[in-house]
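Residue numbers (the working numbering): 1 to 137. What follows is one structure encoded as structure tokens, with my remarks underneath.
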């Protein structure tokens with residue numbers, strides 16, 4: 001079961017690399033859901049803060065880099081430390097799950113994001129992998 005868990009975690013890591021890449025390359029500064037959450041329009045936001053888009057784009061470049069880095073580390077840990085049975089690997093991967101995709105999915109549910117379902121699916125896949133790895137120990 002460790003190999004299945006490692007494979008699922010590798011997939012999860014690659015998905016994070018993709019999400020991070022989206023944040024760096026393609027994510028618009030403001031999504032329709034952002035203005036909707038704040039109870040206003042994108043036009044009103046940009047009128048009130050003309051440089052908001054430019055600022056947010058840079059924020060998302062940084063955030064995307066961190067998401068990519070997390071994905072790379074998850075895939076690496078899944079294929080090295082987890083497969084070799086190192087004791088701390090499962091704990092580290094569980095903490096990374098909780099503080100990365102778990103937290104991101106939860107916040108997206110709270111704000112009723114259009115992306116909550118795919119993020120919950122990824123968090124669920126990762127959680128299944130963690131359970132499989134724990135059972136295999």
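Note that the Cβ used here is the ideal one computed from N, Cα and C, for glycine as well. Remember, it's a predicted structure, so these values are computed and weren't measured experimentally.
**Asked** Relative to the C-alpha of residue 36, which residue among 97, 126, 113 and 22 is closest?
**Response** As a working note, residue 36 is residue 36 in the chain shown. For the set 97, 126, 113 and 22, the Cα lying nearest the Cα of residue 36 is the one of 113.
**Item:** For residue 121 and residue 88, the rounded distance between their alpha carbons
**Value:** Taking the chain shown and counting its residues from 1, one reaches residue 88 at position 88. Taking the chain shown and counting its residues from 1, one reaches residue 121 at position 121. Inter-residue distance for residue 88 and residue 121 is about 25 Å (C-alpha atoms, whole angstroms).
**Asked** Given 8 Å as the limit, is there contact between the segment 47–56 and the segment 65–72, that is, 3 or more CB pairs closer than that?
**Response** Short answer: they don't touch.
**Asked** Is it buried or exposed for residue 101, if we count other Cβ within 10 angstroms and need 16 for buried?
**Response** Your numbering for residue 101 matches position 101 in the chain shown. The Cβ neighbour count for residue 101, taken over all protein chains shown within 10 Å, is at least 16; the residue is labelled buried.
**Request:** For the segment 72–132, list the alpha helix (DSSP H) runs that are entirely contained and at least 4 residues long, ordered along the chain.
**Result:** 81–84, 87–97 and 103–110
**Asked** Using DSSP with H/G/I as helix, E/B as strand and the rest coil, what is residue 29?
**Response** Residue mapping note: residue 29 aligns to position 29 of the chain shown, counting from 1. Residue 29 falls in the coil class under three-state DSSP.
**Item:** Top-ranked residue by Cα proximity to residue 83, from 96, 119, 137 and 94
**Value:** As a first step, residue 83 must be located in the chain shown, where it is residue number 83. The residue with the shortest Cα to Cα distance from residue 83 is 137.
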